[in-house]
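Data first, discussion second: the structure below is written as C-alpha cells.
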Amino acid sequence: MTHSPITVLIAEDDPVFRRVMGFSIARSGLTVESVSDGDAAYHRLCQGGVHFLVTDHQMPICSGLELLDRMANTTNREQKWPPVILCTAKGLELDSQALESRYNLIAVMHKPFSPRKLSETILQHIGKPEFTSSSPCLPPLGHDGGFASEPPQVHGDG
Amino acid sequence: MADLSAPDSSVSTTIDETASRSATRLPPVTTRVGLLFITMAVAILLCAVLAHSSPERARFHSVMWIIALATCAIGGVTAMSSVRTLRVVEKELRRRRKGGRQWQNVRPIVGNDPVSEGWNQLIHDASQCDNDRQPRVAAALDQEVITLARAMRGMPVAWVITDADGAIRFLGPTTCGLLDLSETDDQTGRDLPKLIGLRDQDDPSAESVLQQMLGPIRMVHQRRTIQVGSKQLHVRITRSRLPGRSGDGEGLAWVLNDVTQQRIATEARDQFLMTATHELRTPLTNLQAYAEALQEEDDLEVERQKEFCNVINSEANRLGRLVDQLLTVSQMEAGSMVPNRHELELLPMLEQVTDQLKGQAEQKQITLATNLAVKLPTVLGDRDKLQAAIVNLVGNAIKYTPENGQVVVRCSADDRWIRIDIEDDGPGIPEDEQERVFEKFFRGAATRDADQRGNGLGLAFAREIARLHGGEIDLQSNIGDGSVFTMRLPIGGRSRSGV
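Just so you know, the sequences run in chain order A and B. If you count the first sequence from 1, position 131 lands on 125 in this note's numbering, and the numbers rise without skipping. If you count the second sequence from 1, position 13 lands on 2 in this note's numbering, and the numbers rise without skipping.
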C-alpha cells in the first residue's frame, strides 16, 4: 500500500481496539501510527508530521484530557497541534459539549462507536478527496496549507 | 394571736425582703424552748433556796413566790412566741389537709426568721414548678396522651418541636444524640435552624432553605450536610407545620434523619457502577468495531476474516467473564454470597485447570509445569468458584510471563493448610503495588505499558474466593524475578487423615 501523506495518530490503551481503529482508518487511505498512552502521544506529536489525533479518554500514565491539557499549555508558540477527536467510554457522565468547546475538539465519540464513522469524520474534516488531488506532497507540520478545508487547530494561545 | 399569713400577691415582695436581710442565726426551736425551761427552773430553784435561807420572813417568802410565778408566766409567753412561726405553718398545713385541696392554696408567712424564709422559698419554688407543669396537668390524666408522649420519647427518631421561628420547645433524646446536645441540660429556646447550619452566613443556599423551612408550606423535605463537632453528617430533614389549637401555639415538627451511611454506600455503588460500565463498554466496543469491519470490507483476506472472528469470539468471552465476575465480586463484598460447601479433591481440579490453560501457554511457548503432592487432604468448598479463582491465577501468570518462559503450579499441604503456589517468570510486581493488585479495577503500571489486557477483577475475584473459603492469597514478588501467588485453603472434610 502506498503511504498516504496524511498521518493519523491513535492514542488508545486497548490493543484490540487500537488495532481495529487503525485498520479502519488505514482502509480509508490514511497513514496510521499508534501509541498506547497520552505521554507517548505527546512525544510523537512534538516530533511533528502528525495531521490528525484520535485519542482515548481513559489511558494509563497520561489520560486523554491530560494530553489535551499539555497540548493547550505548551510554552512553545511555534508548535501547532493537529485537530483532535476524543474517544471515551464514559458515556453520559461527560459533558461533551463543554469538552468540545474547551479543547476545540472536532468531535467527542462515545464508545461503543463505529470505526467507519470515525474514519468518515476524519475524512470529512481534512477534506481528503480534494486534498489528495491538489497537493500530493504534504508540507511538514506547522504549515497550514496542507489542509484544504481548515487549518490545523492551534491550542495554547488562548 | 394575729394570723400571720399574707395574701398570695405579696409572696414575691416578702421573699425579696427576707432574702435581702441577713437573718440572725438562732438555735433551733426545741433548743430554744429547752433553754427557756432550764432558765425558769433555775430561777424557781434560786427563789426556793433564798426563801429557805430565811424561814422566818413571811414577806420575803411572798416576794419569792411572786418572782417564781412571774418567771413561769414570762417563760410560757416566750415559749409561745418562739414557736409562733411553726404554729402558722402547722395551721396552713392543717387547713390544706382539711380541705383536700391543691397545695397551692398554702399561703406564705410574713417574717424574716429562717423558718418563714424557708417556707416562703419552698412555696415560691413549688409555684415555679407548678407554672411549668400547669398546662400539662389536665393532659397528664389522659392515658392516651401519656402513652403517646412515652412513645415519642422512646422512638429511635430524631424529632424536634419548635415554635414558628424555629426555637426549640421539645426534643427527643435521639435528637440530642444526633446533634451532640446534652440531654440533661435544658435545650428549650435554642435556635434549631442555627444548630443545623441554616443560619450560616457563608452558605449561600442556607438562606433560601431556611425561608422554605420556616415558610407556610405544610411539609418540606430537604437534604443538608451539617457539621456536628468535627463530624460531617448528611441529614434528611422533614419539617411539617403543626396547626395551632386552643391552649397550644402554632409550631413546627421536625424529623432529622441521619443518612450519612446510606450516602457513603450510594457513592461507593455509583463509583463501582461507573467503573464497571466502563469495563463493560470496552469489549462491547471491540465487538461492534470488529463485526463492522468484517461486514464492511468485502475484499478482506480469509486470514484477516478469521483473525477478526477470533477477536469477536474472545471479546464475547471476555464480556461474559466480566459479567460473571462483576456480580460475584460485588456480591461477595456485600457479604450476600453463600458458597456451596462440598468436600473437594484439589488434585483433579488443578489438573483440569492446567489442561484448560495449556493451549494458551503453548501459544506463547511457555512451559506450564506442575509439581503436585501425590495425595492431598480435601477442602470444603465451592468447586466452580475455586476453579475459576485458580484459573485466574494461572491465567495471569501465563499472561505476564514472556515467551519461552515457565509457569510452575505447585501444591502441598501441612497440618492446617493446603497451599497452591503459582510461580511465573514475569516482570515482577513492585512492592508498592503488591497490595493494590488485589483491588478491584487496579492495574499495575507495567501491565498498562505492555500489550496486556485485563479487566482488573481477576485477582480481586480470586482473593475474595479464597477468603470466602477461610483462606487467603499471599504474594511474593521482586522486580525482574517473577511473582509467586500462594493460595492457602484450610483443610476440611472427612479425609483429613488421607495425607
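Glycine is no exception: its CB is placed at the ideal position from the N, C-alpha and C atoms. All values reported here derive from a predicted model rather than from experimental measurement.
* On the premise that Thr1 of chain A lies in contact with Gly43 of chain A, defined as a C-beta separation below 8 Å, what is that separation, rounded to the nearest angstrom? -> Contact flag correct, Cβ pair sits at about 6 Å.
* To do: Taking a Cβ distance cut-off of 8 Å, strictly less, list which residues of the region 76 to 101 of chain A are near chain B, in chain order.
  => Taking 8 Å as the Cβ-Cβ cut-off against chain B, the residues of the region 76 to 101 of chain A that qualify are Ala83, Lys84, Gly85 and Glu87.
* Asked: Relative to chain A, which residues along the region 251 to 285 of chain B have a C-beta separation below 8 Å, given in chain order?
  -> Within the region 251 to 285 of chain B, the qualifying residues are Met263, Thr266, His267, Arg270, Thr271, Leu273, Thr274, Asn275, Leu276, Gln277, Ala278, Tyr279, Glu281, Ala282 and Glu285.
* Select from B:Glu45, B:Arg76 and B:Phe26 the residue whose C-alpha is nearest the C-alpha of Gly64 of chain B. => Per the Cα distances, B:Phe26.
* Just the Cα atoms here: how many angstroms apart are His210 of chain B and Ala378 of chain B? -> Whole-angstrom Cα-Cα distance: 47 Å.
* **Contact with chain A by Val426 of chain B, beta-carbon distance below 7 Å** => No, no contact with chain A.
* **Completely contained alpha helix (DSSP H) runs for the region 55 to 118 of chain B, where each covers 4 or more residues** => Annotation: the region 55 to 118 of chain B contains the following complete segments of the alpha helix (DSSP H) (minimum length 4 residues), in chain order: 73 to 88.
* Asked: Which of the three DSSP states, helix, strand or coil, is assigned to Asn385 of chain B?
  -> Helix, per DSSP.
* **Bridge-paired residues (DSSP) for Thr475 of chain B** => Its beta-bridge partners are B:Asp410 and B:Asp463.
* To do: With distances taken Cα to Cα, identify the nearest neighbour of His458 of chain B among B:Asp344, B:Pro337 and B:Asp373.
  => When each option's Cα is compared against that of His458 of chain B, the closest is B:Asp373.
* Asked: Counting contacts by CB-CB distance shorter than 7 Å, is Ser22 of chain A in contact with chain B?
  -> No, its Cβ sits nowhere closer than 7 Å to a Cβ of chain B.
* If you draw a straight line from the alpha carbon of Met103 of chain A to that of Glu304 of chain B, how long is it in whole angstroms? -> Rounded to whole angstroms, the separation of the alpha carbons of Glu304 of chain B and Met103 of chain A is 21 Å.
* Asked: Quick one: does Ser108 of chain A have its CB under 7 Å from some CB of chain B?
  -> Output row for Ser108 of chain A: interface = yes.
* Quick one: does Lys105 of chain A have its CB under 7 Å from some CB of chain B? -> At least one beta carbon of chain B lies nearer than 7 Å to the beta carbon of Lys105 of chain A.
* Asked: With 16 as the cutoff for other CB atoms within 10 Å, does Arg307 of chain B come out buried or exposed?
  -> Counting of Cβ neighbours within 10 angstroms places Arg307 of chain B among the buried residues, the total reaching 16 or more.
* Endpoints, the beta strand (DSSP E) within which Gln216 of chain B is located -> Unbroken beta strand (DSSP E) run through Gln216 of chain B: Met208 to Val217.
* Do Phe431 of chain B and Gly445 of chain B have their C-beta atoms closer together than 7 Å? -> The answer is yes: Cβ separation under 7 Å.
* Asked: Under a three-way DSSP split, which group does Asn302 of chain B fall into?
  -> Helix.
* Where does the unbroken alpha helix (DSSP H) through Ala101 of chain A begin, and where does it stop? -> Unbroken run through Ala101 of chain A is the beta strand (DSSP E), Ala101 to His104; no alpha helix (DSSP H).
* Asked: Taking 7 Å as the CB-CB limit, is Val291 of chain B close to chain A?
  -> Taking Cβ atoms only, chain A never reaches closer than 7 Å to Val291 of chain B, which makes this a no.
* Asked: How long is the line joining the alpha carbons of Ser16 of chain A and Ser113 of chain A, rounded to whole angstroms?
  -> It is worth fixing the name first, because residue 16 of chain A is Gly in this sequence and not Ser. CA-to-CA, the gap between Gly16 of chain A and Ser113 of chain A works out to about 10 Å.
* To do: Use the C-beta contact count for Arg206 of chain B: other C-beta atoms within 10 angstroms, 16 or more gives buried, fewer gives exposed.
  => Note that residue 206 of chain B corresponds to Ile in the displayed sequence, not to Arg. With fewer than 16 other Cβ atoms within 10 Å, it is exposed.
* C-alpha gap between Val342 of chain B and Leu335 of chain B, whole angstroms -> Going by the C-alpha atoms only, they are around 10 Å apart.
* Asked: Within the 7 Å Cβ cut-off, does Val10 of chain A reach chain B?
  -> The beta carbon of Val10 of chain A sits closer than 7 Å to some beta carbon of chain B.
* Asked: Hey, is the region 346 to 362 of chain B in contact with the region 309 to 320 of chain B, meaning 3+ C-beta pairs nearer than 8 Å?
  -> By the C-beta criterion, the region 346 to 362 of chain B is judged not to be in contact with the region 309 to 320 of chain B, since fewer than 3 inter-stretch pairs fall below 8 Å.
* To do: Closer than 7 Å by C-beta to Cys36 of chain B: which residues in its own chain qualify, once you throw out the five before and the five after it? Chain order, please.
  => For Cys36 of chain B, the CB contacts under 7 Å within the same chain, skipping 5 residues up- and downstream, are Met53, Ile56 and Ala57 in chain order.
* Is it right to say Cys400 of chain B is buried, meaning 16 or more other beta carbons lie within 10 angstroms of its own, or is it exposed? -> Buried, since its Cβ has 16 or more Cβ neighbours within 10 Å.
* Identify every residue that forms a DSSP beta bridge with Arg188 of chain B. => Looking at the DSSP assignment, Arg188 of chain B forms no beta bridge with any residue, so it has no partner.
* Alpha carbon to alpha carbon, how far is Thr82 of chain A from Leu117 of chain A? Give it in angstroms, no decimals. => Their Cα atoms are separated by approximately 20 Å.
* Asked: Is the Cβ of Val2 of chain A closer than 7 Å to any Cβ of chain B?
  -> Interface residue (Cβ-Cβ distance to chain B less than 7 Å): Val2 of chain A is not classified as such.
* Cβ neighbour criterion (16 or more within 10 Å) applied to Thr49 of chain A -> Classification of Thr49 of chain A: buried, given that the 10 Å Cβ count is 16 or more.
* Asked: Beta carbon of Ser30 of chain A, beta carbon of Pro109 of chain A: below 7 Å?
  -> The answer is no: Cβ separation not under 7 Å.
* Asked: To the nearest angstrom, how far is it from the Cα of Ile29 of chain B to the Cα of Met69 of chain B?
  -> Per the sequence shown, residue 29 of chain B should be read as Met rather than Ile. Rounded to the nearest angstrom, the two C-alpha atoms are 14 Å apart.
* Under 9 Å Cβ-Cβ, which residues of chain A neighbour Val363 of chain B? -> Result: empty, since nearest Cβ-Cβ is about 42 Å, beyond 9 Å.
* To do: Use the C-beta contact count for Val146 of chain B: other C-beta atoms within 10 angstroms, 16 or more gives buried, fewer gives exposed.
  => Exposed: under 16 other Cβ atoms inside 10 Å.
* Of the listed residues B:Met326, B:Gln352, B:Ala278 and B:Met338, nearest to Phe11 of chain A (C-alpha basis) -> Looking at the Cα atoms, B:Ala278 is the closest of the given residues.
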